[in-house]
Amino acid sequence: MRLDPSFELRAGYIGSLANLMYKGVNVPAFDEIRDSGDVSKNYIIISGQTFTEDSLKCGFATDNAISLNIITTFAKGTGTKKTSEEIANMILDRVYPENGETGITINNFHIWKTRLLMNKTLIDETADQRIITKILTFQHNINSIV
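Okay, structure coming up:
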């Protein structure tokens, strides 16, 4: 049976990142779009997801990429990348505990390989804020087990 792992992978990330605390404050993770009522200064958006089929004769497999956007906000003219880097390290401990392994568990699928593909930082300023976004992009090789 061929199953699209997209939703399950995002749900696995939401579960793995639940209760992520930075300096005593929860850093919420959102699926594609931040909740409209959220006022967190630091949060994670799970997005940029793609996959291609990578099947062999023995079953359905996919090569997946997914990005975590770690957004940190400060008053204009203040704040550095350090906050986003410290949150990224906490995420790496949960998602990528050992080289090639994963801390993500998903229903109906087996993640058999994980790699960090990219780590990039973007800095923007609005009229009243500095916004620092650190993007972590992971690659997962996934087999359907149903």
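Numbers 0 to 145, taken from numbering that gives the first Met the number 0, label the letters of the sequence shown in order. Glycine is no exception: its CB is placed at the ideal position from the N, C-alpha and C atoms.
*Would you call the CB atoms of residue 24 and residue 42 closer than 8 Å?*
Position 25 of the sequence shown holds residue 24. Position 43 of the sequence shown holds residue 42. No, Cβ-Cβ distance for residue 24 and residue 42 is not below 8 Å.
*Between which two residues does the alpha helix (DSSP H) carrying residue 86 extend?*
Residue mapping note: residue 86 aligns to position 87 of the sequence shown, counting from 1. Element bounds for residue 86: 81-94.
*Going by alpha carbons, who is nearest to residue 91 out of 105, 145, 81, 136?*
On the sequence shown, position 92 is the one that residue 91 refers to. Closest option to residue 91, Cα to Cα, is 136.
*asked:* With three or more C-beta pairs closer than 8 Å as the rule, is the region 106-122 touching the region 32-48?
replied: no
*Check the C-beta distance from residue 21 over to residue 100 and give it rounded, since I have them as a contact under 8 Å.*
Indexing the sequence shown from 1 puts residue 21 at position 22. Indexing the sequence shown from 1 puts residue 100 at position 101. Not a contact, Cβ separation roughly 24 Å.
*Mind checking which residues open and close the alpha helix (DSSP H) that includes residue 10?*
Locating residue 10 in the sequence shown gives position 11, where the first residue counts as 1. Run containing residue 10: 5-15, per the alpha helix (DSSP H) assignment.
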